[in-house]
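Below is one structure; the comments refer to it alone.
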Amino acid sequence: METIHNISDFKHIPHHTVVTIGTFDGVHLGHRKILERLTNNAKNTGLKSTVLTFFPHPRMVLQKDVDIKLLNTLEEKKQILETLGLDYLIIHPFTKQFSRLSAIDFVRDILVNNIKSKRIIIGYDHRFGRNRNANIQDLISFGNTFNFEVEEIPAQEIEDVSVSSTKIRKALLKGDVETANNYLSYAYMLTGTVKKGKGLGKDFGFPTANLHIAEAYKLIPKNGAYVVKSNIDGKEYFGMMNIGFNPTVDGSKKSIEVHFFDFDGDLYDKKIQVDLLHRIRDEHKFNSVEELKEQLKKDKNHSLGLISK
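Numbered per our numbering, the sequence shown spans residues 1309 to 1617.
The following block contains the structure:
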């Protein structure tokens, strides 16, 4: 898969394409049906499968008061799409100026002249152009003018996508990572850089990596303790992670801390991906540090039991 960060950079590519357009946040099971349709279509027609997406998310630009939380950072989304057999991923910068393109300008200048679309696979409810005033019937009409075909994604598949996204977000905000992971078809991930923390975990016998996530728009699941795994320098490590405020030691700032089992090394300033597998419990304020230590031992045994299954 080749990633292109501006539509105009596609001009040098000498291929005609079959295109689908969307944000594809989560790249979950509902999205995969659409993307599988895209790649199969490409194989059958000899066209190049192309996803056109935008960053920042349009709602971040057009509705700045909306505190939107996304399932993937841009890098995570690219990483997942990379595995699906696409030819091209175009991530075009979304700006207010871009949002003002008329429907005909978008179709002629973007889809036809730049991306060389010969087939567009799109949902029945897709709207585009300035003020989102054009619909799939308009796109079919443009297809007759500019010589491309439009394939409509049925209502049921579009509703599956909508339902999946909503259910995944709700599940994560409740801490139900198992349900979220089932809809995603992969483990929900948090990607960040390990920064120095207070070092209290080390004093308890549970040294932790303090994960800093730069992207404020990334959805963080409900506070609590989780079973996790990471790939560090090519080796898989399991561990447990706490999301929250560490109330037993008077924590006032939310943190994400990971204790890896059987890991001995320096992770400071290293970028790591943490996959969430199970949720163990809510975050509690214990009566003493000793009580907290005992709970961490129980958490570790519980985690190891879940991992062994």
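Cβ coordinates follow ideal geometry from the N, Cα and C atoms, glycine included.
Just so it is clear, the structure is predicted and the values come from calculations on it, not from any experiment.
Best match in the options for proximity to residue i [C-alpha to C-alpha]
{"i": "K1377", "options": "E1598, R1367 and K1562", "result": "R1367"}
{"i": "D1577", "options": "M1548, D1583, I1521 and V1327", "result": "I1521"}
{"i": "H1400", "options": "S1473, T1361 and F1569", "result": "T1361"}
{"i": "S1472", "options": "K1482, V1458, T1487 and I1461", "result": "T1487"}
{"i": "V1374", "options": "E1598, S1611, M1548 and Y1525", "result": "Y1525"}
{"i": "N1595", "options": "V1485, S1560, I1564 and N1554", "result": "N1554"}
{"i": "Q1387", "options": "F1569, S1357, E1599 and M1309", "result": "M1309"}
{"i": "G1330", "options": "I1430, E1465, K1562 and T1501", "result": "I1430"}
{"i": "K1579", "options": "K1319, E1383, T1311 and T1358", "result": "E1383"}
{"i": "N1349", "options": "E1457, I1615 and I1444", "result": "E1457"}
{"i": "T1358", "options": "K1372, P1364 and I1321", "result": "I1321"}
{"i": "F1619", "options": "I1540, F1363, T1381 and K1605", "result": "Missing from the structure shown is residue 1619; the chain here goes from 1309 to 1617 and no further."}
{"i": "F1454", "options": "L1575, D1417 and Y1494", "result": "D1417"}
{"i": "P1462", "options": "S1449, H1434, K1475 and G1451", "result": "H1434"}
Those residues which DSSP pairs with residue i across a bridge
{"i": "P1401", "result": "F1363"}
{"i": "F1568", "result": "G1547"}
{"i": "G1552", "result": "S1563"}
{"i": "D1375", "result": "Per DSSP, none; premise fails for D1375."}
{"i": "D1583", "result": "M1497 and K1537"}
Cβ-Cβ distance between residue i and residue j below 8 Å
{"i": "G1552", "j": "E1602", "result": "no"}
{"i": "S1538", "j": "D1583", "result": "yes"}
{"i": "N1518", "j": "K1530", "result": "no"}
{"i": "N1441", "j": "A1479", "result": "no"}
{"i": "T1499", "j": "S1425", "result": "no"}
{"i": "Y1491", "j": "L1337", "result": "yes"}
{"i": "T1347", "j": "L1394", "result": "yes"}
{"i": "L1397", "j": "G1334", "result": "no"}
{"i": "I1428", "j": "L1447", "result": "yes"}
{"i": "S1407", "j": "L1370", "result": "yes"}
{"i": "G1437", "j": "L1419", "result": "no"}
{"i": "F1569", "j": "G1547", "result": "yes"}
{"i": "T1381", "j": "E1523", "result": "yes"}
{"i": "E1465", "j": "I1342", "result": "yes"}
{"i": "S1493", "j": "R1345", "result": "no"}
Cβ distance (whole Å) where residue i is taken to contact residue j below 8 Å
{"i": "H1586", "j": "F1514", "result": "H1586 to F1514, Cβ: 18 Å. No contact."}
{"i": "S1618", "j": "G1505", "result": "It is not possible to answer for residue 1618, since the shown part of the chain is limited to 1309 through 1617."}
{"i": "T1556", "j": "K1608", "result": "The Cβ separation is near 17 Å, so there is no contact."}
Residue i beta carbon near the ligand MN (any heavy atom closer than 7 Å)
{"i": "K1377", "result": "With respect to the ligand MN, the structure offers nothing, as it holds no ligand at all."}
Ignoring anything shorter than 3 residues or poking outside the stretch 1415-1499, list the beta strand (DSSP E) runs there in chain order.
-> Taking 3 residues as the shortest admissible run, the stretch 1415-1499 contains the following complete beta strand (DSSP E) segments, listed from N- to C-terminal end: 1425-1431 and 1457-1461.
Length at least 3, wholly inside the stretch 1508-1547: the beta strand (DSSP E) runs in chain order = For the stretch 1508-1547, whole beta strand (DSSP E) runs of length 3 or above, ordered along the chain, are 1517-1520 and 1532-1540.
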